[in-house]
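*Asks:* Quick one: structure below, then a few questions.
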Amino acid sequence: MTTTNDVPAILTRHLTKRYGRARGIEDVNLNVRQGEIFGFIGPNGAGKSTTIRTLLGLIRKTGGEASILGLDCEKDRTRILEQVGYLPSEVFYYDGMRARDLLAYAAGFYRTDCTARIRELSKRLGLNLDQKVEDMSLGNRKKVGIVQGLMHSPRLIILDEPTSGLDPLVQRAFFDLIREENARGATVLFSSHILSEVQRICDRVAIIREGHIVAVRSVADMRRSAVKRVTLALENDCASAVHALESTPGVRSLKAGGEDEEGNTATFLYEGDCNALIAALAGMRLTDVEIAEPTLEEVFMHYYQSEPVR
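Numbering-wise, the UniProt record's numbering puts 141 at position 141 of the sequence shown, and it's gapless, one number per residue.
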């Protein structure tokens with residue numbers, strides 16, 4: 001028996017969007033479970049915003065299927081938008097309106113009284129509701145967008161580069177709000193090119209590259225993967241060590257450091273048989289070896305330095 005919570009918050013099968021001959025997204029397959037915070041990462045132009053806009057029916061798909069909370073993204077768009085909070089990467093509003101009036105107007109589209117929630121969110125974000133949008137900085141406009149996206153207690157929250165323009169204190173308040181929304185049961189799709197943000201808040205991550213999904217994994221698994229960050233401290237000049245490592249299979253992102261009180265250093269990512277690495281290190285005069293989990297950014301670059309997507 002399938003229950004409401006068994007239905008994916010977001011489900012796509014071979015979702016494709018092309019702009020004439022230009023690449024958009026191709027065969028995007030996602031399954032975002034209800035109640036999770038799902039990261040969607042890739043550099044600018046990889047296809048993150050195109051995927052989101054296609055899901056929300058803002059642009060029409062070329063092919064494939066997409067549903068939100070069991071509803072078809074095109075046929076059931078009105079019902080979907082009642083249950084979704086969306087913060088786009090760029091926010092545009094009617095300049096002549098005060099934030100208070102703009103949010104009251106937006107709240108009229110929902111079947112709930114959002115007045116108290118608007119006041120609460122604005123207070124926590126430091127948003128002046130009586131200021132006109134045309135007089136606001138980018139950061140304050142983004143605050144309006146956050147309030148608009150959260151004021152109706154949506155079941156699914158879609159965030160596209162949400163922290164751009166926010167100062168560090170407001171970012172902290174924003175992340176607290178997202179965690180609280182998730183704790184009450186909301187699902188979050190968090191799209192960003194800032195990997196430290198994804199690592200900070202997400203449960204699982206999809207990596208999109210040139211319009212294709214290249215990996216979907218938990219943040220913990222990505223950092224515990226076979227890819228390791230290795231740092232060597234050497235007694236002598238590291239040039240010969242670097243030369244040997246360059247020809248060692250599985251070594252990527254090799255960087256040679258300068259001299260310090262510990263000696264020369266070399267850092268790289270390694271994926272492969274540990275015995276082969278030990279054999280490669282055997283002839284080096286080492287003072288220390290450190291093997292650690294890579295950062296999410298290093299894992300991300302590992303995927304992007306693989307063979308090109310075809």
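Cβ coordinates follow ideal geometry from the N, Cα and C atoms, glycine included.
Do D160 and K61 have their C-beta atoms within less than 8 Å of each other?
*Replies:* To locate residue 160, count along the sequence shown from 1; it is residue 160. To locate residue 61, count along the sequence shown from 1; it is residue 61. No; because the gap between Cβ atoms is not below 8 Å, this pair is not in contact.
*Asks:* My understanding is that G283 touches G250, with C-beta atoms under 8 Å, so please give their C-beta distance in whole angstroms.
*Replies:* Residue mapping note: residue 283 aligns to position 283 of the sequence shown, counting from 1. Residue mapping note: residue 250 aligns to position 250 of the sequence shown, counting from 1. The pair is not a contact, with the Cβ atoms about 18 Å apart (cut-off 8 Å).
*Asks:* Does DSSP put L81 in a helix, a strand or coil?
*Replies:* Here residue 81 corresponds to residue number 81 of the sequence shown, with the count starting at 1. Helix, per DSSP.
*Asks:* Just confirm the distance between the C-beta atoms of T265 and T231, as a whole number of angstroms; I'd bet it's less than 8 Å.
*Replies:* Within the sequence shown, residue 265 is the residue found at index 265, counting from 1. Within the sequence shown, residue 231 is the residue found at index 231, counting from 1. Sure, about 6 Å apart at Cβ, within 8 Å.
*Asks:* Three or more C-beta pairs under 8 Å: does that hold for the region 78–94 against the region 233–252?
*Replies:* In short, these stretches do not touch, since the Cβ pair count stays below three.
*Asks:* Please list the segments of the beta strand (DSSP E) lying wholly inside the region 9–64, counting only runs of 3 or more residues, in order along the chain.
*Replies:* Complete beta strand (DSSP E) runs here, min 3: 10–19, 22–32 and 37–41.
*Asks:* Just how far apart, CA to CA, sit G126 and N275?
*Replies:* Position 126 of the sequence shown, counted from the first residue, corresponds to residue 126. Position 275 of the sequence shown, counted from the first residue, corresponds to residue 275. So the alpha carbons of these two residues sit roughly 56 Å apart.
*Asks:* Can you give the Cα-Cα distance for R184 and R111, rounded to whole angstroms?
*Replies:* Here residue 184 refers to the residue found at position 184 of the sequence shown. Here residue 111 refers to the residue found at position 111 of the sequence shown. The alpha-carbon atoms of R184 and R111 are separated by roughly 19 Å.
*Asks:* Figure out for me which residue from F38, D27 and A22 has the closest Cα to the Cα of P8.
*Replies:* Start at 1 with the first residue of the sequence shown, and residue 8 comes out as number 8. Looking at the Cα atoms, F38 is the closest of the given residues.
*Asks:* Using the DSSP secondary-structure output, state which residues sit across from V188 in a beta bridge.
*Replies:* On the sequence shown, residue 188 is found 188 positions in, with the first residue counted as 1. I37 and I157, per the DSSP bridge assignment.
*Asks:* Kindly list the residues whose CB is nearer than 8 Å to the CB of L254, restricted to its own chain and excluding five residues on each side of it in sequence; keep chain order.
*Replies:* Within the sequence shown, the letter at position 254 stands for residue 254. So the qualifying residues of the chain are V242, L245, E246, A266, T267 and F268.
*Asks:* Could you give the DSSP three-state label for K75: helix, strand or coil?
*Replies:* On the sequence shown, residue 75 is found 75 positions in, with the first residue counted as 1. Three-state result, K75: coil.
*Asks:* Verify whether the separation of the beta carbon atoms of M151 and I201 is less than 8 Å.
*Replies:* Sequence index remark: in the sequence shown, residue 151 carries index 151 (1-based). Sequence index remark: in the sequence shown, residue 201 carries index 201 (1-based). Not closer than 8 Å, so no.
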